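Novice: Here you go, one structure.
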């Protein structure tokens with residue numbers, strides 16, 4: 001059987017640690033892609049419903065899942081990464097590469113120190129965003145949902161998550177027919 | 001300097017109402033978030049007050065914990081205004097009770113308000129105030145609000161130093 005990878009990427013504007021937008025958006029995305037694929041799960045919208053596995057359905061398989069965390073405080077990120085990795089270990093999930101970029105993102109504002117004039121004297125403010133990435137490999141859909149539900153519920157204040165999933169799906173039927181007619185030598 | 005020049009010349013009759021340039025240097029002083037030393041050195045400061053703003057993230061931490069200031073953070077303005085409103089409402093409702101800054105932590109749609117208050121408030125009064133604050137704030141902000149209070153015996157126990 002031939003497989004190819006499809007990246008399910010949530011749009012960038014939807015990452016957020018607050019207002020509960022993150023989870024709903026991502027779960028909808030999965031279903032959107034799942035509808036025209038070999039997924040036979042009934043379309044449920046809420047995560048709690050999704051956790052219940054209906055009988056006779058196939059789980060989607062995920063090649064890897066990347067969790068991007070961002071925060072203003074690197075120590076919090078480190079602690080959260082430890083927490084997530086520990087949870088993954090307990091659940092028997094394969095942990096892939098975990099890394100952090102060497103430099104944080106700095107949003108700098110250079111303003112005049114005085115209200116009016118005196119251009120030579122400036123003051124600089126900066127807002128930092130630290131990043132950290134974790135990857136988990138080879139998960140089934142139900143494992144992934146349980147795991148994500150757990151780590152997303154326990155996200156600390158001031159931390160935003162972005163989750164990118166790579167699922168394994170069948171080749172579309174048109175393409176599969178093409179491939180059958182082609183002889184590889 | 002100019003004033004001295006004007007007065008030193010004898011030939012010019014200096015009129016008392018003479019208009020002059022304001023020639024002193026600009027006071028380039030950074031003073032926001034800092035406290036002045038009193039002559040008697042008896043102004044009480046908490047740890048939070050004793051550290052000026054440039055020590056944030058080094059010696060002390062932020063008072064609002066949310067994701068608005070991160071890269072691609074959302075609702076920055078709304079959150080800031082809500083935080084100001086929460087702080088005003090809580091300090092007004094718990095009049096003279098808070099001994100520390102009010103810390104606002106946001107997770108998902110949950111808002112947690114933390115702080116240190118004085119002991120000595122009647123138990124029924126305290127329970128009423130907790131319920132009142134949580135109920136009203138969650139009604140206005142349309143999300144669950146929780147109060148996380150810690151108590152100390154008196155206000156003096158939060159004092160870090162006198163300046």
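Protein chains in written order, with the working numbering: chain A, 1 to 185; chain B, 1 to 163. Positions of the beta carbon are idealized from the N, C-alpha and C atoms, including for glycine. The structure presented is a predicted model; accordingly, all values stated were derived computationally and were not measured.
Give a yes or no on whether the minimum CB-CB distance between residue 34(B) and chain A is below 9 Å.
Specialist: The residue you call residue 34(B) lines up with position 34 of the second chain. No, residue 34(B) does not count as interfacial toward chain A.
Novice: Verify whether the separation of the beta carbon atoms of residue 60(B) and residue 113(B) is less than 9 Å.
Specialist: As a position in the second chain, residue 60(B) is number 60, starting the count at 1. As a position in the second chain, residue 113(B) is number 113, starting the count at 1. Not a contact, by the Cβ cut-off of 9 Å.
Novice: Is there a Cβ from chain A that is less than 9 Å from the Cβ of residue 136(B)?
Specialist: In the second chain, residue 136(B) corresponds to position 136, counting from 1. Chain A contact via Cβ: absent.
Novice: Rounding to the nearest angstrom, what Cα-Cα distance links residue 158(B) and residue 90(A) in this structure?
Specialist: The sequence position of residue 158(B) within the second chain is 158, counting from 1. The sequence position of residue 90(A) within the first chain is 90, counting from 1. Roughly 41 Å between the two C-alpha positions.
Novice: Over what stretch of residues does the beta strand (DSSP E) that includes residue 107(B) continue unbroken?
Specialist: Numbered from 1 along the second chain, position 107 holds the residue referred to as residue 107(B). Looking at the DSSP string, the run of the beta strand (DSSP E) that includes residue 107(B) is 103–107.
Novice: In or out: residue 120(A) buried (at least 16 other Cβ within 10 Å) or exposed?
Specialist: Residue numbering aside, residue 120(A) sits at position 120 when the first chain is read from its first letter. Exposed.
Novice: Indicate the three-state DSSP secondary structure (helix, strand or coil) for residue 53(B) in the structure shown.
Specialist: Translated into positions along the second chain, residue 53(B) becomes position 53. Of the three classes helix, strand and coil, the one that applies to residue 53(B) here is helix, per DSSP.
Novice: With distances taken from CA atoms, which of 110(B), 129(B), 53(B) is nearest residue 32(B)?
Specialist: Here residue 32(B) corresponds to residue number 32 of the second chain, with the count starting at 1. The residue with the shortest Cα to Cα distance from residue 32(B) is 53(B).
Novice: I'd like the ranges of any beta strand (DSSP E) spanning at least 3 consecutive residues and lying wholly in the region 69–107 of chain A.
Specialist: 94–99
Novice: Using only the alpha-carbon positions, how far apart do residue 73(B) and residue 129(A) sit?
Specialist: The sequence position of residue 73(B) within the second chain is 73, counting from 1. The sequence position of residue 129(A) within the first chain is 129, counting from 1. Computed Cα separation, rounded: 10 Å.
Novice: Is residue 131(A) buried or exposed, if buried means 16 or more other CB atoms sit within 10 Å of its CB?
Specialist: Residue numbering aside, residue 131(A) sits at position 131 when the first chain is read from its first letter. Its Cβ being crowded by 16 or more others within 10 Å, residue 131(A) is buried.
Novice: Which of the three DSSP states, helix, strand or coil, is assigned to residue 170(A)?
Specialist: Here residue 170(A) corresponds to residue number 170 of the first chain, with the count starting at 1. The three-state secondary structure of residue 170(A), taken from DSSP, is strand.
Novice: Using a Cβ-Cβ cutoff of less than 7 Å, which residues in the same chain neighbour residue 50(B) once the five nearest sequence positions on both sides are dropped?
Specialist: To locate residue 50(B), count along the second chain from 1; it is residue 50. Around residue 50(B): 160, 161.
Novice: Does the region 154–161 of chain A touch the region 67–84 of chain A, meaning 3 or more C-beta pairs lie closer than 8 Å?
Specialist: Judged by Cβ distances under 8 Å, the region 67–84 of chain A makes contact with the region 154–161 of chain A, as three or more pairs qualify.
Novice: I'd like to know if residue 105(A) contacts chain B, where contact means its C-beta is closer than 9 Å to some C-beta of that chain.
Specialist: Along the first chain, read from residue 1 onward, the residue named residue 105(A) stands at position 105. It does; some Cβ of chain B falls within 9 Å.
Novice: Going along chain B, which residues have a C-beta under 7 Å from residue 129(A)?
Specialist: Taking the first chain and counting its residues from 1, one reaches residue 129(A) at position 129. 70, 71, listed in chain order.
Novice: In chain A, which residues lie less than 9 Å from residue 96(B) when you measure between Cβ atoms?
Specialist: As a working note, residue 96(B) is residue 96 in the second chain. What residue 96(B) touches in chain A: nothing, since even the nearest Cβ is about 28 Å away.
Novice: Hey, how far is the Cα of residue 32(A) from the Cα of residue 139(A)?
Specialist: As a first step, residue 32(A) is located in the first chain; it is residue number 32 there, counting from the start. As a first step, residue 139(A) is located in the first chain; it is residue number 139 there, counting from the start. In this predicted model, residue 32(A) has a pLDDT of only 32, less than 50, meaning its place in the structure is not dependable enough to derive any value.
Novice: Check for me: the alpha helix (DSSP H) holding residue 128(B) runs from which residue to which?
Specialist: On the second chain, residue 128(B) is found 128 positions in, with the first residue counted as 1. Counting along the chain, the alpha helix (DSSP H) containing residue 128(B) begins and ends at 123–141.
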